[in-house]
Amino acid sequence: MSFLTRSILSPARFRRQAGMGRGLEEFFQGNKSLPLEKEPTGRAWKASDLRNKSFEDLQKLWIVLLKERNLLATQEEEAKLFKVSPEHFNNKSRVIKCKKSMARIKTVLSERHEAYVEAHKKAAGAPSLPSTEGPLGS
Numbered sequence: 010m011s012f013l014t015r016s017i018l019s020p021a022r023f024r025r026q027a028g029m030g031r032g033l034e035e036f037f038q039g040n041k042s043l044p045l046e047k048e049p050t051g052r053a054w055k056a057s058d059l060r061n062k063s064f065e066d067l068q069k070l071w072i073v074l075l076k077e078r079n080l081l082a083t084q085e086e087e088a089k090l091f092k093v094s095p096e097h098f099n100n101k102s103r104v105i106k107c108k109k110s111m112a113r114i115k116t117v118l119s120e121r122h123e124a125y126v127e128a129h130k131k132a133a134g135a136p137s138l139p140s141t142e143g144p145l146g147s
């Protein structure tokens, strides 16, 4: 039995090594069964919404989205392993929303970086303030 198969079949064995709520069990939804009907999900984050967020908020959101994407990838592997039919398990829209949101975070951060570089260039090339020494200066 491969490591991947063992970890998918028995995520509880890692609880002794990692703290509760941390580690590999974050990629599993416990004893939940597959939903009978499609669960409603929110929309992907818009770049205009992300531009209003602080760097710390964007960093936290990135981590949440990364965990969600990894959870969905784990569920997809479980579905393949247990030969679950695609009509019972389809999270493609959630994966797409995660990837779009992550791409938009990268876009916002690159826009901020470009603005910083441009401001730095302007500040370096700006003429210095006139000196206070002279006929009227002290």
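Following this note's numbering from start to finish, the sequence shown increments by one per residue and tops out at 147.
Glycine is no exception: its CB is placed at the ideal position from the N, C-alpha and C atoms.
Remember, it's a predicted structure, so these values are computed and weren't measured experimentally.
Closest in alpha carbon position to residue 115, among 82, 54, 103 and 95, is 54. Assigned with DSSP and collapsed to three states, residue 129 falls in helix. The three-state secondary structure of residue 134, taken from DSSP, is helix. In the DSSP annotation of this structure, the continuous segment of the alpha helix (DSSP H) that includes residue 79 starts and ends at 64 to 90. Taking all protein chains in view, the Cβ of residue 84 is crowded by 16 or more other Cβ atoms within 10 Å, so the residue is classified as buried.
Fewer than three Cβ pairs drawn from the segment 50 to 68 and the segment 81 to 95 lie within less than 8 Å of each other, which leaves the two stretches out of contact. Here the alpha carbons of residue 122 and residue 129 stand approximately 10 Å from one another. In this model, residue 132 and residue 107 are separated by some 37 Å (Cα to Cα). The residues 67, 113, 114 and 117, in chain order, have a CB closer than 7 Å to that of residue 59 in the same chain once the five nearest residues on each side in sequence are set aside.
Distance from the CA of residue 50 to the CA of residue 64, rounded to the nearest whole angstrom, comes to 25 Å.
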